[in-house]
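Residue numbers (the numbering used here): -12 to 331.
The beta-carbon is built from N, C-alpha and C at its ideal position, and this holds for glycine as well.
Predicted, not measured: the structure shown is a model, and the values here were computed from it.
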Ligand code: NAD
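Set out below in structure tokens:
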């Protein structure tokens, strides 16, 4: 099995080479992202392996199909960058539904603590032997209310972490897991109540038509003054311009973003020698109460190993057994994992 691997970073190679060898898979590592201009690099391969900012739209899918490519192996959980509906009947699309919910949930809490305890400011000060505490006053998390939107694998771990801090959790999910609701410290509520009552709001739902700009100008208006917004899920869940206005008007107390609406041409790359063209991102980053990391939440040794292991297993299952339980398909108008191999 020969797989064209797009958007390769140095940290991808070791784990994919090791797990690929075990399963008889050879990877050709391309640094470029997959898109309409680069798709022909996949000529002669059995499949492509892609990540969050590769483009797998209808044009790319049609070209892959023409070239006889059979599979798209996503090495991530989210699949908003793939036109799964268009791929149906042409390409088999697999994903890694879970690799380490702890990695993402722990990074979310790391961002929150860094932000509200001003660790990013203190770190820079003390490196300059400036041991003044002025301007570093934070607030306790204990007793605060956190609104968690999306209580799947990552959201649940984040809820657990927040409970450990003595926080009250208001949860919202399109498909609530009632076992999580204890009627006291963790309660499912309407989105409206969550927005109005939360001191901190954390996003852990996928990016879909329903959730696009789930945080926008109107929502920010409803929120408590000083609300902290955490987004480690997908950039377009938050209207970045509305967030910036919220920060400028002091309505939003702080924002921690591991993802950004227009991240695809910027994140994961060293842009330090370039003029930043994106004024909204530049202005957000310039704010003392905004923290931005570059889609880093998944990046732990455990997650990288699990991603490579499951991706190689997915590829091997498809070519050896003709089916893969992490294949994406349409059931009842929702994209779901296909547990029975009856996607086409
Ligand atoms: P999951 O599928 O286990 O959970 C997602 C939850 O969102 C589910 O409970 C689902 O019912 C809920 N949901 C779906 N539509 C919704 C809606 N309209 N409103 C509210 N809730 C809705 O997924 P997960 O593994 O917990 O991952 C969550 C998201 O985290 C992924 O979609 C991905 O975008 C993001 N992610 C980010 C990173 C990173 O490195 N920053 C890494 C992995 C995943």
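Reduced DSSP category for residue i - H, G, I as helix; E, B as strand; rest coil
| i | result |
| --- | --- |
| residue 332 | Here the chain has residues from -12 to 331 only, and residue 332 is not among them. |
| residue 144 | helix |
| residue 317 | strand |
| residue 192 | coil |
| residue 58 | strand |
| residue 128 | coil |
| residue 224 | helix |
| residue 387 | Outside the shown range of the chain (-12 to 331) lies residue 387, about which nothing can therefore be said. |
| residue 98 | helix |
| residue 279 | strand |
| residue 83 | coil |
| residue 103 | helix |
| residue 202 | strand |
One or two residues paired with residue i in a DSSP bridge
| i | result |
| --- | --- |
| residue 175 | 158 |
| residue -9 | 15 and 35 |
Start-to-end residues for the alpha helix (DSSP H) that takes in residue i
| i | result |
| --- | --- |
| residue 218 | Where residue 218 is concerned, there is no enclosing alpha helix (DSSP H), although the beta strand (DSSP E) it sits in stretches over 214 to 218. |
| residue 335 | Lying before the first or after the last residue shown, residue 335 is absent from the chain, which here runs from -12 to 331. |
| residue 75 | It is not in any alpha helix (DSSP H) - residue 75 carries neither H nor E in the DSSP assignment. |
| residue 240 | Residue 240 -> not in any alpha helix (DSSP H); beta strand (DSSP E) instead, spanning 239 to 244. |
| residue 48 | 45 to 53 |
| residue 271 | 266 to 273 |
Beta-carbon contacts of residue i that lie in its chain and below 6 Å, excluding the five residues immediately before and after
| i | result |
| --- | --- |
| residue 168 | 174 and 175 |
| residue 250 | 222 |
| residue 241 | 102, 215 and 276 |
| residue 322 | 71 and 315 |
Host beta strand (DSSP E) of residue i (start-end)
| i | result |
| --- | --- |
| residue 299 | Premise fails: residue 299 lies in the alpha helix (DSSP H), 288 to 308, not in any beta strand (DSSP E). |
| residue 233 | From DSSP, residue 233 is part of no beta strand (DSSP E) but of the alpha helix (DSSP H) over 227 to 235. |
Buried or exposed by the 16-neighbour rule on C-beta atoms within 10 Å, applied to residue i
| i | result |
| --- | --- |
| residue 38 | buried |
| residue 111 | exposed |
| residue 118 | exposed |
| residue -2 | exposed |
| residue 126 | exposed |
Cutoff 7 Å; reference residue i; Cβ partners in own chain excluding five residues on either side
| i | result |
| --- | --- |
| residue 199 | 223 |
| residue 16 | -8, -5 and 0 |
| residue 43 | 21, 37, 59, 68, 69 and 70 |
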